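Below you'll find the structure, written out as structure tokens, and then a few comments.
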Amino acid sequence: MAIHPPIDFRYGTPEMRAVWDEENRFRCVVSAEVGLAVAEAKAGVIPQAAADEIEAHAPEASLARAKVIEEEINHDMMAIVKALSEVSGESARWVHYGGATSNDILDTATGLQVKDSLDIIEQKLRTLLGVLLQRSLETKTLVCAGRTHGQIGVPPTTYGLRFAIWASEVSRHIERLEQLRPRAAVGQMTGAVGTQASLGSAGTAVMAHMMEYLGLTPPVDVSSQVIQRDRFAEYIMFLANVATTLDKIALEVRMMQRSEIGGELEEAFGKNQVGSSTMPHKRNPIKSEQVSGLSRIVRAMIEPALANNVLWDERDLTNSSCERVTFPEASILCDHILTVMTKVLTGLRIREDNIRRNLDLLHGVNMAESVMIELTKRGMDRQDAHEHVRVACMVALEEKRPVATVFSEEESVAALITYDEIVALLNPDNYIGTAVSQVEGLAEKLGPLSL
49 MAIHPPIDFR YGTPEMRAVW DEENRFRCVV SAEVGLAVAE AKAGVIPQAA
99 ADEIEAHAPE ASLARAKVIE EEINHDMMAI VKALSEVSGE SARWVHYGGA
149 TSNDILDTAT GLQVKDSLDI IEQKLRTLLG VLLQRSLETK TLVCAGRTHG
199 QIGVPPTTYG LRFAIWASEV SRHIERLEQL RPRAAVGQMT GAVGTQASLG
249 SAGTAVMAHM MEYLGLTPPV DVSSQVIQRD RFAEYIMFLA NVATTLDKIA
299 LEVRMMQRSE IGGELEEAFG KNQVGSSTMP HKRNPIKSEQ VSGLSRIVRA
349 MIEPALANNV LWDERDLTNS SCERVTFPEA SILCDHILTV MTKVLTGLRI
399 REDNIRRNLD LLHGVNMAES VMIELTKRGM DRQDAHEHVR VACMVALEEK
449 RPVATVFSEE ESVAALITYD EIVALLNPDN YIGTAVSQVE GLAEKLGPLS
499 L
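One rule links them: number in this note's numbering = place in the sequence shown (from 1) + 48.
Next up, the structure:
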């Protein structure tokens, strides 16, 4: 029976699951122990031959054997130390030497997992960025209704600019990830309460050598017996930030697929795909809904991640059980919805006919700002122009007539602008400002960041 059914068989990619599964966690702990031995040998604390033997035989240590030992001694970390010692021959006495605490090894193992997770997330963010830039260039001149407060506004925008805005946000996540990595992909060897007393003057060198071997960042200044959890809280908050961007994109897809909107966008729908068990006509945006739903879980990990930084004195154990849930859940689900959203955007169907119909839905009143500006340019007081345009728009909406016709019937307007000029001013394609150049400029700037 699955213990965590959604992650066990429904959500998550093989690559991210592999980072956080039990076997890899065991291997990361063993790697940390090997790194400690190698570092201590380099610093002259233990014999080099001992470190070599421990490193050579480490792959023989098994999770199964560690579990058997844990059943006997009821200490997960010491069980791994004993399992590694059993395969290390005459060098067994040097395993976990030097006053290393459980947290030195376990926190360092977590740093290895965070490092691998960030590598996966970074690659997928760059892939998503590439998809968004491609779609923005494809639609850079595709004019669509701009909306504020859920209502069609003025001026129109372009789908290219919408995709570009999302791409820009994703690029900032890539920047954040690069800044985050040295703060979150960390390890330490500080001993009980953090003083390195058992290693004496060699403590600083041992920690530096150990982190160099493992490819992690050591604390740059000070630490207690545990790595301070603000580092890991930042990692969780980063994942939540990414998830929220994906939620925002998913929400737009869902809204633009609504029947009342006319289906400007549609998720790809397979030939044999079923939309509903009782409504055969349905084409539901289920992938985007999944993204929105799971993003809530990722965001929910923020509070416990922050609370984990509030520990008693130099260390307590309240963070441990909590992190066994928060780290894998947040990492696996964020990676999952990042993968899903990339596929949604790649296969997204853009219905240009429906987009145009919505542009024309309000009989041209959503373009009336351009007429107000032109009236002002031609001599009318700006406030008077606003009032003439406002009244004309209300009439057009009430009578369901083209606002261009209403404008042409207003003498003060017709005296300054001809009917043909009004029609041209109300053409959405002529009123998108710098939208195209913004898209092109962003694509040129961010292209090198994408995959």
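A virtual CB, placed ideally from N, CA and C, is assigned to each residue, including glycine.
Being a predicted model, the structure only gives us computed values, none of them experimental.
Can you grab the Cα-Cα spacing for the pair residue i / residue j, in whole Å?
i: Q486; j: G242; result: 52 Å
i: L499; j: G178; result: 6 Å
i: G495; j: A240; result: 48 Å
i: D56; j: E71; result: 15 Å
i: P305; j: V439; result: In the sequence as displayed, the identity of residue 305 is Gln instead of Pro. When rounded, the distance between both Cα atoms is 33 Å.
i: S325; j: Q338; result: Caution is warranted here: a pLDDT of 48 is assigned to S325, below 50, making its placement in the model unreliable, and no coordinate value can be reported.
i: I297; j: N402; result: 20 Å
i: E300; j: R430; result: 35 Å
i: V77; j: R347; result: 28 Å
i: L342; j: L381; result: 7 Å
i: A233; j: V484; result: 40 Å
i: S184; j: P376; result: 33 Å
i: A245; j: L209; result: 59 Å
i: L287; j: A433; result: 49 Å
i: A98; j: L262; result: 18 Å
i: P204; j: D269; result: 53 Å
i: R457; j: A463; result: According to the sequence displayed, residue 457 carries Glu and not Arg. Taking the straight line joining both Cα atoms gives about 10 Å.
i: S110; j: Q273; result: 27 Å
i: A127; j: R344; result: 36 Å
i: N478; j: A472; result: 8 Å
i: P95; j: L393; result: 56 Å
i: P266; j: T238; result: 10 Å
i: E454; j: V443; result: In the sequence as displayed, the identity of residue 454 is Val instead of Glu. Rounded to whole angstroms, V454 to V443 spans 7 Å at the Cα level.
i: T366; j: L359; result: 7 Å
i: S307; j: P333; result: 12 Å
i: M255; j: V143; result: 16 Å
i: R58; j: S340; result: 16 Å
i: A148; j: T206; result: 59 Å
Report the residue from the options whose alpha carbon sits nearest the alpha carbon of residue i.
i: T466; options: A491, V419 and V443; result: V419
i: T187; options: Y145, L313 and R113; result: L313
i: G60; options: I168, D408 and C76; result: I168
i: S460; options: P476, L474 and V437; result: V437
i: G146; options: A416, L264, V93 and L490; result: V93
i: Q236; options: E223, A245 and M258; result: M258
i: S379; options: M349, L365 and N356; result: M349
i: A91; options: L225, A127 and A253; result: A253
i: M421; options: E119, E435, L409 and H411; result: In the sequence on display, residue 421 carries Ile and not Met. When only C-alpha atoms are compared, the closest one is E435.
i: N289; options: G263, L173 and L393; result: L173
i: E446; options: S456, N478, V413 and N475; result: V413
i: D100; options: E138, L228 and L225; result: E138
i: R397; options: L359, R331, W68 and E170; result: R331
i: P476; options: D152, E223, E488 and L409; result: L409
i: Q161; options: L228, E88, S79 and V67; result: V67
i: I470; options: I480, M428, E488 and A416; result: A416
i: A106; options: R426, N122, S79 and R231; result: S79
i: S336; options: N356, G395 and A281; result: G395
i: A355; options: E282, S340 and A316; result: E282
Strictly by DSSP, which residues pair up with residue i?
i: C192; result: T205
i: I200; result: R195
i: E314; result: R397
i: T265; result: V234
Leaving out five residues on either side along the sequence, give the residues of the same chain with a beta carbon under 7 Å from the beta carbon of residue i.
i: S150; result: M125
i: E63; result: I168
i: P352; result: C370 and T374
i: L181; result: A215, A491, L494, G495 and S498
i: R404; result: none
i: A114; result: F74, A127, I128 and A131
i: A291; result: S343, V346, R347, C382 and I385
i: E120; result: none
i: C441; result: V413, A416 and V451
i: R65; result: I380
Once the 5 residues before and after residue i are set aside, which same chain residues still bring their CB inside 8 Å of it?
i: R195; result: G201
i: E400; result: L190
i: T293; result: W214, E217, V218 and H221
i: N406; result: C192, A193, I200, I309, G310 and E312
i: E103; result: V82, A85 and V86
i: H411; result: A444, L445, K448, R449, P450 and V451
Once you ignore the five residues that flank residue i on each side, which residues in its own chain have a CB closer than 6 Å to its CB?
i: L176; result: V218 and T390
i: E108; result: V135
i: A140; result: S133
i: R363; result: Q273 and V274
i: E170; result: L225
With a threshold of 8 Å between beta-carbons, can residue i be considered close to chain B, or not?
i: D468; result: In the structure shown, chain B cannot be found, because there is only a single protein chain.
Would the region 247-254 and the region 124-137 be scored as touching if the rule is three or more Cβ pairs under 8 Å? With a cut-off of 8 Å, the region 124-137 and the region 247-254 do not count as touching, because too few Cβ pairs lie within range.
With contact counted as at least three CB pairs below 8 Å, one residue from each stretch, are the region 385-392 and the region 442-453 in contact? Contact annotation: the region 385-392 does not touch the region 442-453, with fewer than three C-beta pairs closer than 8 Å.
At least 3 beta-carbon pairs within less than 8 Å: the region 363-376 vs the region 263-279: Judged by Cβ distances under 8 Å, the region 363-376 makes contact with the region 263-279, as three or more pairs qualify.
Okay, do the region 154-162 and the region 80-94 touch, 3+ Cβ pairs below 8 Å being the bar? Yes, the region 154-162 touches the region 80-94.
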